[in-house]
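Here is the structure we will look at, set down as structure tokens.
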Amino acid sequence: MNTATLLINFAYVISAGLFIFGLKMLSSPATARQGNLLSALGMLLAIVVTLFYSGLDYKWIVVGVIIGSVIGLVAAYKVQMTSMPEMVALFNGFGGIASLLLAWGEYHQHPELSVFIALVTFLSAFIGGITFSGSMVAFGKLAEKIPSKAIVFSGQHIVNGAILLIALASGVIFAINPESSYAIFLLIVMVSLLFGVTSVIPIGGADMPVVISLLNSYSGLAACAAGFVISNNILIVAGALVGASGIILTNIMCKAMNRSLANVLFSGFGATTQAAGSGKQEGEIRPATAEDVYYILEAADSVAIVPGYGLAVAQAQHVTQELGELLEENGSEVSYAIHPVAGRMPGHMNVLLAEANVSYDQLVEMDDINPRMDTVDVCVVIGANDVVNPAALNDESSPIYGMPIIETHRAKTVIVLKRSMNPGFAGIQNALFFNPNTRMYFGDAKASIQALVAEFKSD
Amino acid sequence: MNTATLLINFAYVISAGLFIFGLKMLSSPATARQGNLLSALGMLLAIVVTLFYSGLDYKWIVVGVIIGSVIGLVAAYKVQMTSMPEMVALFNGFGGIASLLLAWGEYHQHPELSVFIALVTFLSAFIGGITFSGSMVAFGKLAEKIPSKAIVFSGQHIVNGAILLIALASGVIFAINPESSYAIFLLIVMVSLLFGVTSVIPIGGADMPVVISLLNSYSGLAACAAGFVISNNILIVAGALVGASGIILTNIMCKAMNRSLANVLFSGFGATTQAAGSGKQEGEIRPATAEDVYYILEAADSVAIVPGYGLAVAQAQHVTQELGELLEENGSEVSYAIHPVAGRMPGHMNVLLAEANVSYDQLVEMDDINPRMDTVDVCVVIGANDVVNPAALNDESSPIYGMPIIETHRAKTVIVLKRSMNPGFAGIQNALFFNPNTRMYFGDAKASIQALVAEFKSD
Amino acid sequence: MEPVFLTFVFVLTIFLGFELISKVPSTLHTPLMSGANAISGITLIGSLASLKTGNPTVAIILGTLAVTFATINVVGGYAVTNRMLEMFKKKDDGGAK
Amino acid sequence: MEPVFLTFVFVLTIFLGFELISKVPSTLHTPLMSGANAISGITLIGSLASLKTGNPTVAIILGTLAVTFATINVVGGYAVTNRMLEMFKKKDDGGAK
Ligand SMILES: NC(=O)c1ccc[n+]([C@@H]2O[C@H](COP(=O)([O-])OP(=O)(O)OC[C@H]3O[C@@H](n4cnc5c(N)ncnc54)[C@H](OP(=O)(O)O)[C@@H]3O)[C@@H](O)[C@H]2O)c1
Ligand SMILES: NC(=O)c1ccc[n+]([C@@H]2O[C@H](COP(=O)([O-])OP(=O)(O)OC[C@H]3O[C@@H](n4cnc5c(N)ncnc54)[C@H](OP(=O)(O)O)[C@@H]3O)[C@@H](O)[C@H]2O)c1
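Chains as they are written, first to last, in this note's numbering: chain R, 54 to 512; chain W, 54 to 512; chain P, 1311 to 1407; chain A, 1311 to 1407.
Set out below in structure tokens:
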């Protein structure tokens, strides 16, 4: 252990500290950005000091880093804010495959491993592989490159169980005798990639955020395992932080949907419920024109805007903000009621509205708006569906029964902006749309709101 | 590194987890006790697995453990709740000396140390020594075995600086050439013990809790250093937890007194202020008898009881609770206003009132009672002085100026229970006692309250 | 002894991670997710250190791929998180106007 | 490499300690102080491990003293903390009556 190595590793301690401070500063919007920069600084420091290891093959390092940076930067600056979930899934998958490749490369060069090291090598490759292929499937579903519905077939759990069993058995064989198990290792790589696909395919698109968060946690754990392989603390610290973060977010999302993680992963949610909810069209709907809606809003003292996934699809955040300002000028009290799982990622709506410069104090959480819902004159539901579905409260047979919702049906008037009577991502009908005090304002959210804004301005 | 050692060290990981869980559970009164037991379990586990190291000299281990356990248990169960601060100081000192002895023993047997190990050996001995002698002085001051006032002499800071310099110089010499520096090591031990005394002696008794908390932090750091000496993670984890805890508590106390740590440690607070405040007797005082006080209380709708150090001295917590119940039966609304640094330790009053079964919801924090102080009919100040001294608000020359206080002087009537006109631990007069709406009810707090209780009962 | 040390680091960080993350408000959950994602590209460090001169061809290929993928994760992750958080900042100013 | 590992453990625990302790309410500060004090008796572990057969007399004396003092700290500290917290528990019941 020479001095250079020692110094490099002490620098890693500082990197770890920067990651930790970065996460600490994420606890407030005011410091979050510096927090992220601090964390990036920690990463930069770790990268730079690592380059001081002797005997590195700089040629290939430069190639890899340049290609990676260009792709990463272009992707990061070209992505629409509405496509964040896909982007995170994609990046996440790349982190996973890197752990797999690292473990593979180490094993390729030093096949004579102790049982412990063989075990963590196996874990690094296996978890990394699942993370990669699972994330790719999640990406495909979210970007609608593959069908986003849950794809289920009978015996699925048995097949998945068998694959997992093969993987674990191969892991044991590999750990016992790594030196002569190159073929087994390749099998592990294949099986892990396969398992990532078969375990994510049966999960519906609506549940992808949970899956991504879980895979995020996995990619952290894969990095941890890689850290054990090469005895590197910084990999372990960073990986464990990510692992913890992913688990907590997964848990928060499951709670907000009132479902267990097992239910999300194994129930084929999107597939079965599509069928269950399809026949339930009851009552009459009351469509409204831009002019109708204008008169309703014009007379309202208090307006609550409830955004959902449709706002993101239509990219209507900016016009929504404009509408909000016009309503305020008109003397209404305007608030934005944010459901914790509206959209497709936790905090999704917050990001979009922040982008559109909606000020903080106007954002209201579900638990704060519900008690005073009776006093709200008009709820404007913009592309939200499941998160305002009263079936969650009163229909025990509904798949979303028990999920807390924003109780817009208790407001005096509800205006729903959506393009059709199609269901949301849970795939079920919404009785709210048939309520006597609900008006349906059909059309793309952005176009619809632009029409409203025009009405207010022409006035 | 044999398997036994490996297993022992893995067990330490579990111990560390138990310590952490234990501290987590201390964040709520409901789980605090189990938390402490969990932490103790972690310690027990660590001790038991350690006994599996081969080649231990069990004879002497048994001797040490038995003697230590007996002394520890007897002390723990005989101590009065009011003497907690002394007890903590004493135990704390013992932890410090153990770190010193451990480092010494290791060095005695293996004098050929690397620079790094020599450095941490020095730190372990030095911090351990300061912790021990400093804690003993703190114990002496609190138990009034030595004068509790700040003992200052001119040139004190220079003397202390010189001692510190000698210690650090010896440390450097020792680290460079530990093998032939046994004499230097002994010098370090001596100097550290001396430094503990000379640095705590000039601090007044009122500031001892801060000192104890700081020394608590030191004892943790000494254990950390010892952990580096013998490459033992569990010492580092436990020591660092204690180190962090001590620093945070110290900080909280300093903030509550509106003083910097440097001011606490170096200003000779208790000594100078005694002089400053002594001549300020102004106005007239209005003594009251038990009967007078009874009539005042009898007519009060709302009563706030403000306990202080005198409550602890008089052990009046139980009668206070009784008085509180009688007042409630009499139709008054009773609350206990707790100042964060009332008494001699953070949370001191909470412990005493908890002992006397005062229920939680009656305890009010300073920041909650002050805004509604004008509506309080009677404040009963039981053995509190500095924490209700209005000089902290309006006398810029006062040494306690700027410290937040419970503003009893704004209540309609104030009744002060104390034995004399003597100042509290800050050593300054209190204008509250001369206020027109203040009545002084002289006597030992316990006896005084018993008399009141008798009045209420005879009624 | 190394496995023990590494395990200690792992366990402590898990605890620390839980404490830190549970303080992040729901408003910031999307940036948290993508920021954490960027950190998970830490594998880059290991991949860099493993790309030594004189490695066999297979190891070079594996290593270069690992570096490339991990870099995408790191660079893309931090950049996209920064983009998001910038908006949060703008919003603060916007709120003040 | 050991110093690096130990430093990692130290730094992580300091961070973790700050997170954990800052959550303890002021009501429980006295028990926290004495509970933390008990934990600082952890030196006992090191003292036990150093008391080997065949040690020179001086080392035996130092070791036995270290064990004794550390045991007082551990046993006394936990016992006294438990005594205090027991009262807090009693109080809860008392509050309910
Ligand atoms: N946020 C998270 O973290 C998270 C995590 C996991 C799962 N989920 C799930 O995602 C769902 C979120 O609920 P949500 O209410 O926000 O969304 P939703 O239930 O998926 O409904 C979105 C609605 O927006 C409408 N829409 C789509 N494009 C539109 C456009 N261009 N203009 C106007 N309307 C448009 C759609 O109706 P039309 O097609 O008729 O226009 C659809 O009904 C919940 O089921 C939740 O459990 C969220
Ligand atoms: N709690 C902490 O963590 C902490 C830490 C550091 C410093 N301190 C310092 O400690 C002080 C605490 O303030 P405090 O108001 O609680 O106490 P204090 O200012 O020390 O006053 C205590 C009063 O109690 C009276 N007293 C003593 N024995 C009594 C008895 N048997 N019966 C009735 N009265 C008796 C004394 O007056 P007589 O002699 O006339 O009876 C004395 O004036 C502050 O200066 C604070 O800064 C506290």
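Yeah, the Cβ is synthetic: ideal placement off N, Cα and C, and Gly gets one too.
Element boundaries [beta strand (DSSP E), containing residue i]
i, result
"R:V356", "355-360"
"R:F281", "R:F281 -> not in any beta strand (DSSP E); alpha helix (DSSP H) instead, spanning 261-282."
"W:R86", "Note, W:R86: premise wrong, no beta strand (DSSP E); alpha helix (DSSP H) at 82-103."
"R:A390", "386-391"
"W:V417", "416-418"
Short Cβ contact (9 Å threshold) for residue i with residue j
i, j, result
"W:A507", "W:G436", "no"
"A:V1319", "A:L1354", "no"
"W:V441", "W:V434", "yes"
"W:V356", "W:V467", "no"
"R:A479", "R:D439", "yes"
"W:L154", "A:F1379", "yes"
"P:S1350", "R:N145", "yes"
"R:Q374", "R:V411", "yes"
"W:V429", "W:Y389", "no"
"R:G273", "R:L302", "no"
"R:Q368", "R:K499", "yes"
For residue i, the first and last residue of its enclosing alpha helix (DSSP H)
i, result
"W:K131", "111-131"
"W:S298", "286-309"
"R:V212", "209-229"
"R:E508", "498-511"
"R:I435", "Premise fails: R:I435 lies in the beta strand (DSSP E), 431-435, not in any alpha helix (DSSP H)."
Residue i at chain A interface by Cβ criterion, 9 Å
i, result
"P:G1404", "For P:G1404, the predicted model reports a pLDDT of 43, less than 50, meaning its position is unreliable; a value from the coordinates is still stated below. No, P:G1404 lies away from the interface with chain A (no Cβ there is under 9 Å from its Cβ)."
"P:L1338", "no"
"P:S1360", "no"
"R:Y65", "yes"
"R:I226", "no"
"W:L109", "yes"
Cutoff 9 Å: residue i Cβ touching any chain W Cβ
i, result
"A:L1326", "yes"
"P:T1317", "yes"
"P:L1354", "no"
Neighbouring residues, chain P, relative to residue i (Cβ below 8 Å)
i, result
"R:M370", "It is worth fixing the name first, because residue 370 of chain R is Gln in this sequence and not Met. Per Cβ cutoff of 8 Å: no residues; R:Q370 is ~10 Å from chain P at best."
Short CB-CB distance (under 9 Å) between residue i and chain P
i, result
"W:T326", "Note on W:T326: pLDDT 44, under 50, position unreliable in the model; the coordinate value appears next. No, its Cβ sits nowhere closer than 9 Å to a Cβ of chain P."
"R:E418", "yes"
"R:Q162", "yes"
"A:E1396", "no"
"W:A69", "yes"
"W:I73", "yes"
Chain-ordered neighbours of residue i on chain W, where CB pairs are closer than 9 Å
i, result
"A:V1314", "What A:V1314 touches in chain W: nothing, since even the nearest Cβ is about 11 Å away."
Within chain P, the residues that residue i reaches when beta carbons sit closer than 9 Å
i, result
"W:I300", "None at all; the shortest Cβ gap to chain P is about 17 Å."
"R:V116", "T1374, V1377, T1378"
Cross-chain neighbours of residue i in chain R, by beta carbon under 9 Å
i, result
"A:M1311", "M54, T58, L59, N62, S284"
Chain-ordered chain A contacts of residue i [CB-CB under 8 Å]
i, result
"P:T1367", "In chain order: nothing, as chain A lies at least about 31 Å away."
Per-residue contacts from residue i into chain R (C-beta, under 8 Å)
i, result
"A:V1385", "Neighbours of A:V1385 on chain R: none; closest Cβ ~34 Å, over 8 Å."
Under 9 Å by beta carbon: chain A residues contacting residue i
i, result
"W:H401", "H1339, T1340"
Residues that residue i contacts on chain A, provided the C-beta gap is smaller than 7 Å
i, result
"P:L1322", "V1319, L1322, T1323, L1326"
| Would you say the segment 1388-1398 of chain P touches the segment 1358-1376 of chain P, given that touching needs at least three Cβ pairs under 8 Å? | no
| With contact counted as at least three CB pairs below 8 Å, one residue from each stretch, are the segment 220-229 of chain W and the segment 283-290 of chain W in contact? | no
| request: Could you say if the segment 393-413 of chain W and the segment 1329-1348 of chain A meet the contact criterion of at least three C-beta pairs nearer than 8 Å? | output: yes
| field | Any 3 or more C-beta pairs closer than 8 Å across the segment 453-471 of chain W and the segment 487-506 of chain W | value | yes
| Contact the segment 167-175 of chain W vs the segment 295-312 of chain W: 3+ CB pairs below 8 Å | no
| Touch check for the segment 264-273 of chain R and the segment 123-143 of chain R: three-plus C-beta pairs under 8 Å? | Counting C-beta pairs with one atom in each stretch, the segment 264-273 of chain R and the segment 123-143 of chain R have three or more that are closer than 8 Å, which means they touch.
| query | How about the segment 65-76 of chain W and the segment 248-266 of chain W: do they share at least three Cβ pairs that are nearer than 8 Å? | reply | no
| query | Between the segment 1319-1334 of chain P and the segment 115-134 of chain R, are three or more C-beta pairs nearer than 8 Å? | reply | no
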